[in-house]
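Report on the following structure.
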Amino acid sequence: MLPIYKAHKWFITRGDLDYTALWILVAATPLAEIEVTHAGLLADREVLPQAMALNPTFFRMVYADLLNTPKTRANVNAALEAADQYLSTRATTLFKSILDHLREVGEARSCREIEDHFTRSVGVGGVSTACEYLADRGLIGKASLQARLTKKSNV
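Dropping the structure here:
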């Protein structure tokens, strides 16, 4: 969730409440898509109102309140923490295919190998960002791997 990382960056390093809120609002649509699809519904163009109906407390905090109330350090921080908690409780479900793949291969893989696998097999890119998130949460580990000229080379 790159927008949530950006929100943290602006909140921690600059203390910029407006820009932090902007990044949380950018994350609101993907979070709404998660909520709606998790409920077994089809996420359409108007996914935020759908999500507001399903989980009003959460989406009021990360969406409506950030739009309609003055931004304070407390309410922006609360929205950021709520988004973190929301993703954290759903991480093993959201990233199940990544976790399953890494468990299946049984050894460290480079970001490039993981990206290539998911691009080829399911047409999904940007998986390395998800891996960073999973590593930050302690669900997977990070390892340095030597680059190889070919799959079987020692160089």
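Using the numbering used here, the letters of the sequence shown correspond one by one to residues 30 to 184. Even for Gly, the Cβ is constructed at its ideal location relative to N, Cα and C.
Cut-off 8 Å between Cβ atoms - residues of its own chain near residue i, not counting five sequence neighbours on either side
i       : result
Ser-126 : Phe-147 and Val-151
Val-65  : Leu-71, Ala-72, Val-76, Gln-79, Ala-80 and Leu-83
Leu-109 : Ile-33, Ala-36, His-37, Phe-40, Thr-49 and Ile-53
Leu-168 : Ala-120, Thr-121, Phe-124 and Leu-128
Ser-117 : Arg-166
Host alpha helix (DSSP H) of residue i (start-end)
i       : result
Asp-45  : No alpha helix (DSSP H) holds Asp-45; DSSP gives it neither H nor E.
Gln-175 : Per DSSP, Gln-175 belongs to no alpha helix (DSSP H) and is neither H nor E.
Ala-137 : Taken as a continuous stretch (DSSP letters only), Ala-137 belongs to no alpha helix (DSSP H), as it is neither H nor E.
Val-76  : 76 to 83
Tyr-34  : 31 to 38
Integer Cβ distance of residue i from residue j, believed to fall under 8 Å
i       : j       : result
Leu-163 : Ala-137 : Not confirmed; about 14 Å, so no contact.
Met-90  : Ala-68  : That belief does not hold up - the Cβ atoms of Met-90 and Ala-68 are roughly 18 Å apart, past 8 Å.
Leu-46  : Lys-100 : 4 Å
Residues near residue i by beta carbon distance below 7 Å, same chain, minus five either side
i       : result
Gly-170 : Ala-164
Ser-139 : Leu-174
Ser-157 : Cys-140, Ile-143 and Glu-144
Proximity of residue i and residue j at Cβ, strictly below 8 Å
i       : j       : result
Ile-9   : Ala-56  : Since the first and last residues shown for the chain are 30 and 184, residue 9 lies out of range.
Leu-131 : Thr-121 : no
Ala-103 : Leu-60  : no
heavy atom of the ligand PLP below 7 Å from residue i C-beta
i      : result
Phe-87 : The ligand PLP is not part of the structure shown, which contains no ligands of any sort.
Chain-order list of residues whose beta-carbon lies under 6 Å from that of residue i (same chain, five-residue window excluded)
i      : result
Phe-88 : Ala-80 and Met-81
* Whole runs of the alpha helix (DSSP H) within the stretch 119 to 164, excluding any shorter than 4 residues -> 125 to 134 and 140 to 151
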